[in-house]
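The opening residue of the sequence shown carries number 0 in numbering that gives the first Met the number 0; numbering runs sequentially from there.
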Amino acid sequence: MTIDPDCIFCKIAGGEIPSKIFYQDDEVIAFHDIRPHAPVHFLIVPREHIPTLQDCGEHHQGLLGKMVALAPKLAAEQGITNGFRVVVNNGQDGGQEVFHLHVHVMGGPRPWKIG
Ligand code: 5GP
Ligand code: ZN
0 MTIDPDCIFC KIAGGEIPSK IFYQDDEVIA FHDIRPHAPV HFLIVPREHI
50 PTLQDCGEHH QGLLGKMVAL APKLAAEQGI TNGFRVVVNN GQDGGQEVFH
100 LHVHVMGGPR PWKIG
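This is how it looks when you write it as structure tokens:
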């Protein structure tokens with residue numbers, strides 16, 4: 000599995016940088032975003048260093064499906080009861096800041112800070 004030692008999300012997955020991880024298995028981790036846009040804002044992140052969706056191949060279909068399928072389960076566990084946004088910022092014009100693939104899940108009562 001590819002890991003980039005300079006990547007902030009690889010460092011979080013490896014436990015090198017502390018974060019509020021509340022779910023993990025052998026393929027993905029989930030932790031709270033450090034600058035939340037909404038009352039509940041967390042990220043679902045593969046352990047593998049995949050920079051963007053363009054870097055995904057057919058063999059990533061299972062992983063991508065798992066990440067999206069985890070969103071409602073983890074949202075419920077984190078107390079989201081009334082809907083949520085699922086966002087993947089992709090590439091420079093897509094507003095991606097951290098080039099390690101991740102799914103944002105945002106929910107909780109409105110108004111939100113952003114979005
Ligand atoms: P992007 O713009 O790449 O889709 O989103 C990256 C997200 O990662 C941002 O919402 C940002 O707040 C979050 N983030 C960046 N660095 C850290 C960090 O060190 N810890 C945590 N928990 N979140 C981070
Ligand atoms: Zn990475």
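Built from N, CA and C at the ideal position, the CB exists for glycine as well.
Computed from a predicted structure; not experimentally measured.
| Item | Value |
| --- | --- |
| Limits of the alpha helix (DSSP H) - the one that Gly61 falls within | Gln60 to Glu76 |
| Range of the contiguous alpha helix (DSSP H) that encloses Pro7 | Here residue 7 turns out to be Ile, not Pro, going by the sequence shown. Ile7 -> alpha helix (DSSP H) spans Ile7 to Ala12. |
| Beta-carbon separation (whole angstroms), His101 vs Phe8, contact threshold 8 Å | 7 Å |
| Any residue whose CB is nearer than 5 Å to a heavy atom belonging to ligand 1, listed in chain order | Ser18, Asp32, Ile33, Arg34, Asn88, Gln95, Glu96 and Val97 |
| Touching by the beta-carbon criterion (3+ pairs, under 8 Å), the stretch 13–29 and the stretch 38–49 | yes |
| Proximity of Val86 and Val67 at Cβ, strictly below 9 Å | no |
| Contact check, Gly114 vs Ala29, beta carbons under 9 Å | no |
| Three-state secondary structure assigned by DSSP to Gln53 | helix |
| Rounded C-alpha distance that separates Lys112 from His58 | 37 Å |
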